[in-house]
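Participant: So in UniProt numbering, spot 537 of the sequence shown is number 537, and the numbers just go up one at a time.
Structure in structure tokens, see below.
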Amino acid sequence: MDAGEASELQAQLAAAVHALNHDANPSARLAANQWLLALQRSPQGWAVATALLAAPDPPPPADLLFFAAQMLRRKIQSPGPALPGAGLAPQLLDALLHAARRFAAAPAPRQLLTQICLALSALALRAEGGVDGLFARMPHLPAPAVLELLTVLPEEAAQDQGGDTGVDSAARCRFTREVLTHAPAVIEFLHSQSEKVPADDDGVPVHERNRRILRCLLSWVRVGCFSETPATTLATHPLLTFAFNSLQVSFSFDVAIEVMTELVSQHQELPEAFLNKMPYIREVLLLPALASRSEKMIAGLACLMCEVGHAAPALVAEGGSQALALADALLRCVAFTTDDWEIADSTLQFWCTLAHFILGIDAKTAKRNVAQELFLPVFSSLLDALLFRAQIDTDEHGTDGAPCIPDGLAQFRMNLEELLVDICMLLGAPAYINKLFSRGWNFSSQSVPWKEVEVRMYALSMVADTILQDESPFDFSMIMHFVNILSSKTPVELNGSLFLVYKSFGDVIGSYSKWLSSCQSNIKPLLLFCASGITKSVSSNACSLALRKLCEDASSFIHEHQNLEILFWISEGMDKGNLRLEDEEEIVSAITHVLSSVRDKELRKSSLARLLYSSYSAVEKIIDIDRDHSLRQNPATYTQSLDLAVRGLYRMSALFSHLSTSIASGLVDDDIILVLLGIFWPLLEKLFRSSHMENVSLSAAVCRSLSSAVHSCGQHFHILLPKVLECLSTNFFLFQRHDCFLRTAANVIEEFGHKEEYGALCVRTFETLSSASSISTLNSSYTCDQEPDIVEAYTYFTSMFIRCCPKEAIVASSTLLELSLQKAAICSTAMHRGAALAAMSYVSCFLEVVLAAVLGSPECIPDGSPGVALIQILSRCGEGLLSNVLYALLGVSALSRVHKSATILQQLAALCSFCERTTWKAVLSWSSLCGWLQSTVKSLPSEYLKQGEAEMIIPLWLKVLEDAGSDYLHSRTGDNIRNHQGYMQGKGGRTLKRIIRDFAESHRNSPTPCPS
């Protein structure tokens, strides 16, 4: 490139950089960026950038120089042979060093020097002897340039390899070792710089120079510059003293904190030295910072003190004056009030570490007693401080207008749980409880400090497991005092943050329900409290869970008429539709539990019917809308009716789900079940035949309630079974994207499929569902990815069919099963993880059934047996199955399928190995598997395998498969079957899984496979 071309290119570069940084037109900026990227990739980039940095005075604009230095750095870091020839690399080094000397001081911007030094560091990393050569040239640089270069050089060693693909880990380790050989000289240089007086300064203000020294020291500490320094020397090292003294200078405070925190974490000898400085840190640094409310200093000191304590809990636990000064200082940090909770939160790990250490000391030793006695007052004060900081002192509201806890406080409370448990264990449950209620509250309902009460209830609920295990006597009178006040509040009074109080009390009642409900007089106020708390979203979940726990723990006490009426009042309140479905289900389950244990049969029957009345009414209303189309004219009314019907169906589902345990225990007899079903099924049948089923939410709710009823009422459904399956099949045909019909049909098959009299019905259902277009079109991984829910539901249904149906049904459905296996094999290659794993689970289930059949009948049975039908299917589909499993192990999604793939391959190997030794060999043999594998590997496109990999895979995999199959067969024979835990148990199985994982990892960047 001649001088004219170079000048023209520099002019174009200047124009492009100016456009990129200053042009208001986005198109112009985009075009400039594209041009600059092209220049950066071109060979001319080297010469252009170095020429700009060496341009005579006056220098080019700063943004142009910055881009030139940045371009050199990126070209040096580019992977591959991007560096210029061997003769040009020294010229590049000279140019960069010249630029570093030239732009080391003002008016050149600091960022320009940083970019030049980054380029020098990148060059030193890649050049032979680059580190030593760079250090040899440093004496010729001004001090600011040396400081900046020494700062970025060790950072190059620690740089994330993912962001710099041009260097492997071995080269980076070698670079680090070379850099560390110069650590003594660097430390000496930094020491000399730290002792320079202001009069000696080189144009850099003394506070800025000190900050740069600390930044440089931090970089070297991170790569281990003091690793060879004796402990006694390190504790009194002048640079450590310099860093410690810098804590008193606000300009360098944050970097000094980082330096000392890093040193403490790396060198186990230093915490003791820092612990000795704690009285000074507290008195001279922390207390003034607290008085002036300097959050930056308080946060930094808290971080340093926590690191010291975390690194040496044994020293702190000895309880010397320095340790107690540390504890007192951190207590003050916890209690310091700010708009957020970061400072208090940053101390939690230290307190947990200290508590764990004390609790870990043998409880019977004097050492434990001394430590506990010393720190009980500390942890008692800590509990006070934590309760103070965890208090809700603001009235925040969410997007729905409901009161809520600020995000920072919510996170702080979440992080507090472990520490509160530790404090409870240290103080002991009685002392902890006494601490929470030591205020001696006895307020009227008008003067209760609810925010203080709420935070104490929160702290009580967090340690429930510890207190319950301790079994110490607990006086709940104070809790019941507040419960009585809260349960008597009128709806007008229930507003604002008071519902956060209900939430915390709900958590306490749920946690301690067994103790609270042991006194019969507590039941009514507790139920009234739950009824009040359930009405608002912020407390509904806690109070509905508390209600369920109460009903489970005190069902006999709740049978009184007034208590039952409260329960019905709660259930009727659900009709307002402002609760989450999960909360409604908890409420219905709670009430069902109580009603199921009512001794009076007629009362029990009428009460259950009353509980379901509003749900039945909501469903009947939506059915009426289907008969009278004019009722659909108002969309708002229709949507509301639809929502109420969905809620009603979910409540029915919850009731039937809970009834299953009552039926099993004999609490609910057949008469009651028949009455409930007599109302339930006609409603459901009308819904199934209505146009409303096109609504996804309604159809899902119908199917869920039906599944729950089938599961709990089992035998009572046998007469209805043909209608049930016919409704499910018909609706799936009408609304083929509603996978709930498939899943519910699978649940019905699971419940009744084992009975021979239903075999033909199950086969008809299988035929009908399989003929739907949404199933018949599952012929490619692309289609599977479009309808993953259908894939999961279909493979779940087929799994239930082959696992539960009688042998006659299996034989009659052999064609359908063959198609289902082919579809599952294809779906196992889908990108959608859930669909692929569901398909693989069905394949594994299919193979498990085949294995059970052949293991149970070692000799080939005449045609017509399930074993023959299934193994013939496998012999025809085996090659396609193996091919799809191999395709599933290619690409970015493969690692999630390793276990399922290895399981399928081990099952296949076990089957072929077993058949080889029996008369089943005529249908399936070891040579079948060998042929499938050879054909599959050889048919893979060349871009999927490395050179020579195909020839290596076949013998290796066959040997591993043989061992894995033998291990599985061994685990399923004789006494070994009792210890059979599944697959991958034997050495062969584990080796197979490792081989499969290695294959998947080495082919993650393969093209996405699309077999069909």
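Even glycine gets a Cβ: it sits at the ideal position worked out from N, Cα and C.
Every value quoted in this text rests on a predicted model; they were computed, and no experiment measured them.
(1) Provide the residue span of the alpha helix (DSSP H) that contains E913, from first to last.
(2) If you compare alpha carbons, which of L698, T261 and E148 is closest to E208?
(3) First and last residue of the alpha helix (DSSP H) that includes C804?
(4) Given L180, which residues of its chain have a CB within under 6 Å of its CB, disregarding the five upstream and five downstream residues?
(5) DSSP state of Q268, grouped into three classes?
(6) Are there 16 or more other CB atoms within 10 angstroms of the CB of I673, so buried, or fewer, so exposed?
(7) Between S841, M831 and G834, which lies nearest to L821 when the distance is taken from Cα to Cα?
(8) What are the boundary residues of the alpha helix (DSSP H) that T232 is part of?
(9) Specify the secondary structure class of S780 as computed by DSSP and reduced to three states.
(10) Can you tell me whether DSSP reads Y512 as helix, strand or coil?
(11) What do you reckon, are the CB atoms on residue 1014 and C827 nearer than 8 Å?
(12) The alpha helix (DSSP H) with M138 in it runs from where to where?
(13) Assuming A825 contacts L881 (C-beta within less than 8 Å), just tell me the rounded distance between them.
(14) How should W569 be labelled, buried or exposed, when 16 other C-beta atoms within 10 angstroms of its C-beta is the threshold for buried?
(15) Where does the unbroken alpha helix (DSSP H) through G533 begin, and where does it stop?
(16) Need the endpoints of the alpha helix (DSSP H) that K364 sits in, please.
(17) Are the beta-carbon atoms belonging to V483 and L526 less than 8 Å from one another?
(18) Just tell me which of L581, C333, L286 and F350 has its CA closest to the CA of V316.
(19) Based on Cα-Cα distance, which residue from L324, L721 and V421 lies nearest to S461?
(20) Among the residues of its own chain, which have a CB less than 7 Å from the CB of N33, if the five just before and after it don't count?
(21) What residue from E155, L436 and A256 has the CA that sits closest to A124's CA?
(22) Using the rule of at least 16 other Cβ atoms within 10 Å of the residue's Cβ for burial, across every protein chain shown, is A170 buried or exposed?
(23) Excluding the 5 residues flanking V598 on each side, which residues of the same chain have their C-beta closer than 7 Å to its C-beta?
(24) With three or more beta-carbon pairs closer than 8 Å as the criterion, would you say the region 937-957 touches the region 916-924?
(25) So, helix, strand or coil for C352, using DSSP?
(26) If the criterion is Cβ atoms closer than 8 Å, does the pair E454 and V501 meet it?
(27) Distance, Cα to Cα, E703 vs T973?
(28) Give the range of the alpha helix (DSSP H) segment to which F741 is assigned.
(29) Once you ignore the five residues that flank K489 on each side, which residues in its own chain have a CB closer than 7 Å to its CB?
(30) Give me, in chain order, the residues of the same chain whose beta-carbon lies closer than 6 Å to that of A542; leave out the 5 immediate sequence neighbours on both sides.
(31) Find the nearest neighbour of S294 within the set G319, E269, E272 and Q248, judged by alpha-carbon distance.
(32) How about L905 and L870: do their beta carbons lie closer than 8 Å?
(33) Any idea what DSSP makes of C457, helix, strand or coil?
(34) Taking only the alpha-carbon atoms, compute the straight-line gap between S857 and F801 and give it to the nearest angstrom.
(35) Is the beta carbon of Y782 closer than 8 Å to that of A746?
(36) Excluding the 5 residues preceding and the 5 following K576 in the sequence, name in chain order all residues of the same chain whose CB lies nearer than 8 Å to its CB.
Facilitator: Checking against the coordinates, here is how it stands:
(1) Reading off the sequence shown, one finds Ser at residue 913, where the question assumed Glu. Per DSSP, S913 belongs to the alpha helix (DSSP H) from V898 to E916.
(2) E148
(3) P788 to C804
(4) none
(5) coil
(6) buried
(7) S841
(8) A231 to A235
(9) coil
(10) coil
(11) The structure shown does not extend to residue 1014, since the chain is modelled only from 1 through 1012, so no value can be given for it.
(12) Careful: M138 lies outside any alpha helix (DSSP H) and carries neither H nor E.
(13) 5 Å
(14) exposed
(15) I523 to G533
(16) No alpha helix (DSSP H) holds K364; DSSP gives it neither H nor E.
(17) yes
(18) F350
(19) V421
(20) L20
(21) E155
(22) exposed
(23) H559, R604 and S607
(24) no
(25) helix
(26) yes
(27) Just to set this straight, residue 703 is Cys in the shown sequence, not Glu. C-alpha separation (whole angstroms): 41 Å.
(28) C740 to F752
(29) S532
(30) K503, G506 and D507
(31) Q248
(32) no
(33) The amino acid occupying residue 457 in the given sequence is Met; Cys does not appear at that position. Residue state, collapsed to three classes: helix.
(34) 21 Å
(35) no
(36) none
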